[in-house]
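Reviewing the structure listed below.
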Amino acid sequence: MTGTYRALHERSLRDSEGFWAEAAEGIHWYRRWERVLDASRAPFYRWFAGGQLNTCYNALDRHVEQGRGEQAALIYDSPVTNTVQSFTYRELLERVARFAGALVRQGVTKGDRVIIYMPMVPEAVVAMLACARIGAIHSVVFGGFASRELAARIDDAKPKVIVSASCGIEAARVISYKPLLDEAIHLASHKPSACFIVQRPQLRALLVQGRDVDWQQAVEGAPLADCVPVEATDPLYILYTSGTTGQPKGIVRDNGGHAVALLWTMKHVYGVSPGEVYWAASDVGWVVGHSYIVYAPLLNGNTTVLYEGKPVGTPDAGAFWRVISQHGVSAMFTAPTAFRAIKRDDPNGEWLKKYDLSKFRTLFLAGERCDPDTLRWAETMLRRPVIDHWWQTETGWAIVANPMGIEPLPVKVGSPTVPMPGYDVRVLDEEGREVEPDRIGAIVVKLPLPPGCLPTLWNADARYVDAYLSAFKGYYLTGDAGFKDADGYVYIMSRIDDIINVAGHRLSTGAMEEVLASHPDVAECAVLGAADSLKGEVPLGFLVLKAGVQRPHEDIVKEVVQLVRDKIGPVAAFKTATVVQRLPKTRSGKILRGTMKKIADGTEYKVPATIDDAATLDEVAEALRKAGYARKDG
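In the working numbering, the protein residues as written are 426 to 1059.
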């Protein structure tokens, strides 16, 4: 690599305040900050203390004022309802200001919480920005989430109002949201004063008299609300992640650092200019949807795509190519699991040949570990850069990436490339010492974290310290394990608890998954460590085959077992693999390895609230039985 990236990264660590002060010049401030970094309450660091801004103003109003009003801000593309709708910056601003006025009429003021329980419809984006406009704190909960989980979030956030819809649509299924919402409110101790309901034509909901408000009626005649200045350190939103205790963790995102960091990433990480079309194929219920469907593209003056559909099945494996072609997408961001699904259904890329992708430059993948085979397949099919990058709900933007707008670096398959400016990434052993290159350890980030990362958890400072800062003093624990090579490239191998101990050898299940994924018949896979009385743990492999594979499963299993033996060695003790139709996943595409391990170990487990299809857990159990797997300790 040349010195451009290296010099920028070194400067961001040596002079972090100067670096981020320059980045902050791209944001409109009502009042400039007094201190770029306030470390007076460390480890509770605060960025741009004393500054005042409004995130909605920066995402919408300033673009209209600067002549971008007639440019498309949001394209809603919904193959499940056969709808495509475009909103200019001026139109989106009017809708946001109008709904913000409706919120104000319901008594919502600065600092109040609003839960948004919505499908992928334009009103979800409008509601998020309307909250930001009036200084309310939004908390988006994935549409269709189980009532008990929604109730836990209601009790933690204590929202004044909830914004929801009559239904969501997943492929051919219409999912009624209102009964789930009503049950959640019944279960929760805290009760909202009102619920705004978007009535979708596919299924209308019965409204509770005195509490529920029809969205359309609420916005008709509502005043246009002005932007409310907020402190840079005030929360913009709370986003809940599953906690190990069963109590969800409310990740807090502040206004100032968030706006500065996300605006900076659009040019420097994604290489996207204002006016271009950017598409994050995610959901507003996840952090990717917050950062890269809603806030970052609009802060940067891009056109953002809101997609209500799947990578396959709505209607076919060419769905992504159709959206890219139809809307002239320059850069796309999605999860590797989406491309594994496309590869499984269309391994030769026949659907890709039907579409014009001439405006498309770069594909970005994140959200889970990207196996090399999927990355190579996407590169071969697209003949464009395919960029793996790594970040978390907690950080809100990339910890490690290939900085396409600074200096595109050589891709090393299996690595999301290098730490981004602001992140001082280290790899530590169990004693907190830095390890040598190519040695696996815990991946941590030296404090302070850069702007845009979580400053704490909602009403849980002690839990924040315990969960993230207590393992290694002065460092943020990512929870991931991996290594750095001699060039400084970072490799994420697995979660720390996915490093398995086989007869005293610390082995990465992620490394074994790479080997399995390299087999020509395998579309996707998972490896987990199952309890074993002799070796402590032994690896188990689960394989999903590509569409059209007719070979006997036992032959494929023998071949992948031999592959692991050849590429990792007998020390891996990899002897058992089984073919399944589908892997159990969360709605965001993460494989539920922990739950699969409990099934293999024969221990009790709870069906995770985030699971996409609970029947896949039964398929895992049945596949293990058919494969003759039994715990080696009897």
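From the three backbone atoms N, C-alpha and C, an ideal C-beta is built for every residue, glycine too.
In this model, Ser-707 and Tyr-732 are separated by some 8 Å (Cα to Cα). Residue pairing for Glu-949: DSSP places it in a beta bridge opposite Val-969. It is roughly 27 Å from the alpha-carbon of Gly-1019 to the alpha-carbon of Pro-945. Your pair Ile-587 and Leu-606 checks out as a contact, with CB atoms roughly 7 Å apart and the cut at 8 Å. Within the DSSP secondary-structure output, Phe-789 pairs in a beta bridge with Phe-758 and Ile-812.
Nearest in C-alpha terms to Val-702, of all of Asp-537, Lys-784, Leu-968 and Pro-761, is Lys-784. Here Glu-855 carries a coil assignment [DSSP, helix/strand/coil]. In terms of Cβ geometry, Val-685 and Thr-881 do not form a close pair [threshold 7 Å]. When secondary structure is reduced to three states using DSSP, Ser-572 falls in the helix class. Gly-1014 is a Cβ neighbour of Ala-760, given a cutoff of 7 Å.
DSSP places Arg-530 inside the alpha helix (DSSP H), whose first and last residues are 514 to 530. Distance between Phe-758 and Pro-977, taken at the CA atoms: about 36 Å. Val-982 is not a Cβ neighbour of Ala-956, given a cutoff of 7 Å. In the three-state reduction of the DSSP assignment, Ala-823 falls in the coil class, being assigned neither a helical nor a strand state. For the pair Val-985 and Val-869, the Cα-to-Cα distance works out to about 33 Å.
Between Ile-500 and Ala-582, the CB-CB gap reaches or exceeds 7 Å.
Phe-469 has its alpha-carbon roughly 23 Å from the corresponding atom of Val-852.
Under the DSSP definition of a beta bridge, Lys-909 partners with Val-915. In the structure shown, the three-state DSSP call for Pro-995 is helix. The residue among Ser-564, Val-633 and Gln-627 with its C-alpha nearest the C-alpha of Asp-537 is Ser-564. For Trp-689, the uninterrupted alpha helix (DSSP H) segment begins and ends at 681 to 693.
A contact between stretches requires three or more CB pairs, one per stretch, nearer than 8 Å, and the region 933 to 952 meets this requirement with the region 762 to 770. For the pair Asp-891 and Leu-902, the Cα-to-Cα distance works out to about 10 Å. For the pair Ala-448 and Val-461, the Cα-to-Cα distance works out to about 11 Å. Under a 10 Å Cβ-count criterion, Lys-992 is classified as exposed, with fewer than 16 other Cβ atoms of the shown protein chains found around its own Cβ. Arg-538 has Ile-562 as its beta-bridge partners, per DSSP. Between Leu-688 and Leu-724, the C-beta spacing is below 7 Å. When Lys-1023, Asp-651, Lys-971 and Val-969 are compared, the shortest CA-CA separation from Leu-953 is found for Lys-1023. Just so you know, the alpha carbons of Pro-1033 and Arg-765 end up roughly 23 Å apart. Counting along the chain, Phe-444 sits inside the alpha helix (DSSP H) bounded by residues 441 to 449.
Here Leu-518 is not near Val-539, since their CB atoms are 7 Å or more apart.
Secondary structure of Thr-805 (DSSP, three-state): helix.
Counting only residues of its own chain and dropping the five nearest sequence neighbours on each side, Glu-939 has a CB closer than 7 Å to the CB of Asp-796, Pro-797 and Gly-839. For the 7 Å CB-CB criterion, Phe-908 and Gly-857 do not form a contact.
For Pro-660, the enclosing beta strand (DSSP E) stretches over residues 660 to 666.
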